[in-house]
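Below: one structure, written as structure tokens.
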Amino acid sequence: MEKLIEFFKVHHGYSRMKDMRNADIHPRDITKAMDMNIIEKINPGLYKLIDYSWDEHLSFLDVAIAKKNAVICLISALEYHGLSTINPSVISIAVPHNTDKFSMKYPPVKVYYFQNTFYDLGIEKKITKTGTFKIYNAEKTICDMFRYRNKLGEDLALEGLKNYLRRKGADIAKLREYAIKCQVKTVMLPYLKAMVVK
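What follows is the structure, encoded as structure tokens:
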């Protein structure tokens, strides 16, 4: 068991089944480690060490490890950027529209299939002590909320916009640029103008 635990620690708390087999860790030991709550399965063939020095965005890292092209988006990104008080129980992720349909056992995710023109815009890489995940920047997130306002609620989009404008260093020019690129200029700019005037 010590060999298995050390293997996970060397690999930042995660491992795939094939990598464990390549390291001569027997499947029986993997099953035993799961029964003892030492490791847990987060996706088919992907495991993580339970007792590890994780950071606060562990679930985002789980997603990033399981699906390389996943980008944290919409309500999850809104909460990450401190633009909403909602703490979503499901992680919203964007993938390119031609990605095969998939799901995750853990953490629970809501998958959005973005056209490439929307998917590629505004991706930031966040480096944590235990790994890296991708997330849309604050400006792109607000524009995405307006794009999905009919599904997710216009009130959330407005809350995000209002909170963004209150923060120090809000970049209105950048926000307008993203509004144009995300094709929400007509919908969003009247609200932006009204809030800035106030």
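Residue numbers (the numbering used here): 1243 to 1440. For each residue, glycine too, the CB sits at the ideal point set by N, CA and C.
Quiz item: Which first and last residues belong to the beta strand (DSSP E) in which Y1289 is found?
Solution: 1288 to 1291
Practice problem: Return yes when the Cβ of P1330 is within less than 7 Å of the Cβ of I1317, no when it is not. | Solution: yes
Practice problem: Below 6 Å CB to CB, which residues in the same chain sit around I1281 once its five sequence neighbours on both sides are set aside? | Solution: A1275, Y1289, L1291
Quiz prompt | For N1285: DSSP bridge partner residues | solution = L1288
Quiz item: Helix, strand or coil: how does DSSP classify A1312 here?
Solution: A1312 falls in the coil class under three-state DSSP.
Quiz prompt | Burial state of S1345 (16 or more Cβ within 10 Å) | solution = exposed
Quiz item: According to DSSP, is Y1420 helix, strand or coil?
Solution: helix
Exercise. Assess, as a yes-or-no matter, whether the segment 1369 to 1383 is touched by the segment 1300 to 1314 under the definition of 3 or more beta carbon pairs within less than 8 Å.
Key: yes
Practice problem: With distances taken Cα to Cα, identify the nearest neighbour of L1320 among L1394, Y1355, A1308, V1438. | Solution: For L1320, the closest of L1394, Y1355, A1308, V1438 by C-alpha to C-alpha distance is L1394.
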